[in-house]
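S.K.: These protein sequences, in sequence, are chains A and D. Heads up, my numbering is the position in the first sequence plus 289, with the first residue counted as 1. Heads up, my numbering is the position in the second sequence plus 9, with the first residue counted as 1. Pasting in a structure now, in structure tokens, and then I'll have a few things to ask.
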Amino acid sequence: MKNRLILYVLVLVILFSLGFTLPTDMRSLSIDIFIFAIYAMAYDILYGYTGQFSYGQAVFFGVAAYGLLLPVLHTNTNLWVSLTIALVITVVFGIVLGFLAVRLGGAYFVIITIIFNLTFYLIALDWIWLTGGDDGLTFRAPKIEFGVFSLSLYDPVVTYYFMLSFLLASYLILKRLISSPIGKVLIAIRENEERAQLIGYNVFRYKLLAYVVSALFTGLSGALYSLRTRYASADYFNIALSVQPIIWTLVGGAGTLTGPIVGVILINPLIYYIGVWWKHYLSIIGALMIFVVIYSPKGIVGNLINKIEKS
Amino acid sequence: MKDSEKSIIIETHELTKSFGGLVALNNVNLRIPKGELRAIIGPNGAGKSTLLNTITGRLTPTSGEIYFLGEKITGLPPHEIARRGIALSLQIVQVFPNLSVFDNIWLGVKMRFKTRNPFIHWRQLKVIEEKVIEICKKIGLENKIDEIASNLSHGDQRLLDIAIALSTNPKLLLLDEPLAGLSVKERRHVSNLIKELSQEKTIILIEHDIDAVMRLADRITVLDRGRVIAEGTPREISEDRQVQEVYIGSRE
Ligand SMILES: Nc1ncnc2c1ncn2[C@@H]1O[C@H](COP(=O)(O)OP(=O)(O)O)[C@@H](O)[C@H]1O
Ligand SMILES: [Mg+2]
């Protein structure tokens, strides 16, 4: 318990001091990692904790990216309002798509999430008047306003702490969720859906809840990403973006919450540094995945927890 | 309402379930009073498991009705039937494999409690923890409370399965072949446990072990090819000609 507290404080101190000491390129990479870590955790709630294997989370990433971009672009709404709009829209989509996907359930769940993803991608490509299609749309990032006080997202140091705070807040909220009775029931559903139902749990409701929570945090990640890049395009719905959280989660450890973050920390630097000069960088990720699946099937953090529990 | 009517806990009325052309349950009428231990016997494929599956809502009957405590429950989803007080331990053991014994039982106990703050840390619900430990002791799993369910022996998994069913504090407990696959020692433990549980709960017990059935049951219903062919006390059943032919005779 005490060790854990020390660990938390240590991590916080490191994260905080890195903000003003890192060189520009690594700071930029860290910002990406913070944003994608939220996406990774969101996926863990859905797959790692509830056992729902989605292959189409990019839908919510893209919806929220545009949910933030469009109000800013067309009506010049401030940051908090546009972020709220983005998240509300994502939740609405989460409820509607979740209702259909969870109802179908089982193997159909995977298939329908792929279909959703392809549909949204094609629509985004096609509705150029709305999305800018393949070329996308750029916008000016609104200021971060707290009353009279305001900060600019054009300052990378500000962006670093801004994104870090969202990551920490998301972690705390999701940690709280999975440590609550609701979290326990989600795990029970992953373990044995029929048994959970037979002792009185409305499995559909809990699965839908996990789906919507996952959509919400995926959306947060997408909205923050568009804010960071001041841009969104149909590519934000690319199915490749739906594969990423699967990789992060499997490599880091499904059902551990921190595992998928570790997955992002391991994989994204590869993409960032190797991807620029070697276009076959994906093969490294593939090799890494095969290695993890063979030598530590519960993922890196999953394996670590196992070892600690056994000792 | 007559006195005898009031004390009926579960009743099926012309319950029929067919799978395509196969009639697994054929106009089954059951009336089980509160507190009884009713055994259901019959050869393999007689429809015994199907009966429990329709009662618990896992299968929807083709026709007929099911009443629990006088209320119609036909067609309700399984979780609602469970919440009304019917628990099932399936023929094939069903536990939460990667969770501890404690967590397995905790989930059942939790179902009964509404928490005001849904985001409370699960470890803060002390009332539930006490109940979990109580059930563990009652079942005889108190020494294995922190073990992971999938590491338990088959016998202990069966005990855990029954414990999960009990943890919801059901009014009616359905047990589908709880002694199957157990060692002699485990059989004795489980059948003693069933005897003990029958003091406080209504139980429907499906079991192939005739000696155990004769010892435990208040009354026995015999199913054959989806039909009830006999019903009575263990003594009446053991003397029934038709039953001997269909069921007991076939053992020899
Ligand atoms: N889900 C199902 N689909 C099709 N047939 C089934 C199903 N469940 C049971 N049956 C059939 O119904 C009959 C009764 O099965 P069951 O209730 O399991 O018998 P018992 O438990 O008495 O051995 C069997 O012939 C079985 O093959
Ligand atoms: Mg059976």
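Just so it is clear, CB atoms sit at the ideal spot from N, CA and C, and this is done for glycine as well.
Rounded to a whole number of angstroms, what is the C-alpha to C-alpha distance between Y520 of chain A and T310 of chain A?
M.R.: If you take the alpha carbons of Y520 of chain A and T310 of chain A, they lie about 27 Å apart.
S.K.: I'd like to know if F105 of chain D contacts chain A, where contact means its C-beta is closer than 8 Å to some C-beta of that chain.
M.R.: Closer than 8 Å: yes.
S.K.: If D170 of chain D and K153 of chain D are in contact, beta carbons under 8 Å, what's the gap, nearest whole angstrom?
M.R.: Wrong, their Cβ atoms sit about 14 Å apart, outside the cutoff.
S.K.: What residues in the region 475 to 491 of chain A bring their beta carbon closer than 9 Å to a beta carbon of chain D?
M.R.: So the close ones are I476, A477, R479, E480, N481, E483, R484, A485, Q486, L487, I488, G489, Y490, N491.
S.K.: Could you pull the start and end residues of the beta strand (DSSP E) that E74 of chain D belongs to?
M.R.: Run containing E74 of chain D: 72 to 77, per the beta strand (DSSP E) assignment.
S.K.: Give me the chain D residues within the contact set of S469 of chain A, using Cβ-Cβ distance strictly less than 9 Å, ordered along the chain.
M.R.: In chain order: T124, N126, P127, F128, I129, H130, W131.
S.K.: Measuring only between beta-carbons, confirm whether I212 of chain D sits less than 8 Å from chain A.
M.R.: Not one chain A Cβ lies under 8 Å of I212 of chain D.
S.K.: Roughly how many angstroms separate the alpha carbons of L559 of chain A and P87 of chain D, rounded to a whole number?
M.R.: L559 of chain A and P87 of chain D: Cα-Cα distance of roughly 48 Å.
S.K.: Does the beta carbon of G117 of chain D come closer than 8 Å to any beta carbon on chain A?
M.R.: Yes - at least one Cβ of chain A is within 8 Å of the one on G117 of chain D.
S.K.: By a C-beta neighbour count over all protein chains shown, 10 Å radius and 16 as the cutoff for buried, is N62 of chain D buried or exposed?
M.R.: Classification of N62 of chain D: buried, given that the 10 Å Cβ count is 16 or more.
S.K.: Pick from D:L31, D:I18, D:P42, D:E23: whose alpha carbon is nearest that of G79 of chain D?
M.R.: Ranking the options by Cα distance to G79 of chain D, first place goes to D:I18.
S.K.: For ligand 1, I want to know if S72 of chain D counts as a neighbour, meaning its beta carbon is within less than 7 Å of at least one of the ligand's heavy atoms.
M.R.: No, Cβ of S72 of chain D sits at least 7 Å from all heavy atoms of ligand 1.
S.K.: Does the region 82 to 99 of chain D come close enough to the region 176 to 192 of chain D that 3 or more CB-CB pairs lie under 8 Å?
M.R.: Yes, the region 176 to 192 of chain D touches the region 82 to 99 of chain D.
S.K.: What are the residues that DSSP puts in a beta bridge with L521 of chain A?
M.R.: It is worth fixing the name first, because residue 521 of chain A is Ala in this sequence and not Leu. Per DSSP, A:L426.
S.K.: Express the C-alpha separation of Y76 of chain D and I589 of chain A in angstroms, rounding to a whole number.
M.R.: Going by the C-alpha atoms only, they are around 52 Å apart.
S.K.: Taking the straight line between their C-alpha atoms, what separation do you get for V381 of chain A and I327 of chain A?
M.R.: Taking the straight line from one Cα to the other gives about 19 Å.
S.K.: List, in order along the chain, the chain A residues whose C-beta lies closer than 8 Å to that of I173 of chain D?
M.R.: The answer, in chain order, is R484, I488.
S.K.: Using a C-beta to C-beta distance shorter than 7 Å, which residues of chain A count as neighbours of A91 of chain D?
M.R.: Within chain A, the residues near A91 of chain D are L487, I488, G489.
S.K.: Closer than 8 Å, Cβ to Cβ, to anything on chain D: give me those residues from the region 582 to 596 of chain A, in chain order.
M.R.: Listed by position along the chain: nothing, the set is empty.
S.K.: Which residues count as close to ligand 2 when the rule is a CB under 7 Å from any of its heavy atoms, in chain order?
M.R.: Qualifying residues, in the order they occur: D:K57, D:S58, D:Q100, D:D185, D:E186, D:I215.
S.K.: Return helix, strand or coil for T230 of chain D, following the three-state DSSP convention.
M.R.: Reduced to three states, the DSSP call for T230 of chain D is strand.
S.K.: Of all the options D:R121, D:A33, D:G235, which has the alpha carbon lying nearest to the alpha carbon of E89 of chain D?
M.R.: Comparing Cα positions, the closest option is D:R121.
S.K.: What is the rounded straight-line gap between the Cα of K11 of chain D and the Cα of D155 of chain D?
M.R.: Low confidence applies to K11 of chain D: its pLDDT is 47, below 50, so where it sits in the model is not reliable enough to give any reading.
S.K.: Counting C-beta neighbours from all protein chains within 10 Å, is the total for E139 of chain D 16 or more, i.e. buried, or is it exposed?
M.R.: Exposed is the call here.
S.K.: In whole angstroms, give me the CA-to-CA distance for L546 of chain A and S98 of chain D.
M.R.: L546 of chain A and S98 of chain D: Cα-Cα distance of roughly 33 Å.
S.K.: Please state the DSSP three-state secondary structure of A48 of chain D.
M.R.: Here A48 of chain D sits in strand by DSSP.
S.K.: Please tell me whether R517 of chain A has its Cβ less than 8 Å away from any Cβ of chain D.
M.R.: So no, R517 of chain A is outside the interface.
S.K.: Could you spell out where the beta strand (DSSP E) holding D314 of chain A opens and where it closes?
M.R.: Run containing D314 of chain A: none in the beta strand (DSSP E); it sits in the alpha helix (DSSP H), 313 to 332.
S.K.: From A:K473, A:S441, A:S319, A:D423, pick the residue whose C-alpha is nearest to that of Y269 of chain A; which is it?
M.R.: Chain A is shown only over 290 to 600; residue 269 of chain A falls outside these bounds and no answer can be derived.
S.K.: Verify whether the separation of the beta carbon atoms of I467 of chain A and Y338 of chain A is less than 8 Å.
M.R.: Result yes, Cβ atoms of I467 of chain A and Y338 of chain A sit closer than 8 Å.
S.K.: Quick check: is the beta carbon of K473 of chain A nearer than 8 Å to any beta carbon in chain D?
M.R.: It does; some Cβ of chain D falls within 8 Å.
S.K.: Label P312 of chain A either buried or exposed according to how many other C-beta atoms from any shown protein chain fall within 10 Å of its C-beta, with 16 as the threshold for buried.
M.R.: Counting Cβ neighbours within 10 Å, P312 of chain A comes out exposed, since fewer than 16 surround it.
S.K.: Please state whether DSSP places S27 of chain D in a helix, a strand or coil.
M.R.: Of the three classes helix, strand and coil, the one that applies to S27 of chain D here is strand, per DSSP.
S.K.: Between A221 of chain D and ligand 1, is the CB less than 7 Å from at least one heavy atom?
M.R.: No, ligand 1 has no heavy atom inside 7 Å of this Cβ.
S.K.: Assuming Y297 of chain A and A543 of chain A form a contact by the criterion Cβ under 8 Å, report the distance between their Cβ atoms to the nearest whole angstrom.
M.R.: Going by Cβ atoms, the distance from Y297 of chain A to A543 of chain A rounds to 22 Å, so no, they are not a contact pair.
S.K.: Looking at the strands, I want to know which residues DSSP matches up with T408 of chain A.
M.R.: The partner list for T408 of chain A (beta bridge, DSSP) is empty, contrary to what the question assumes.
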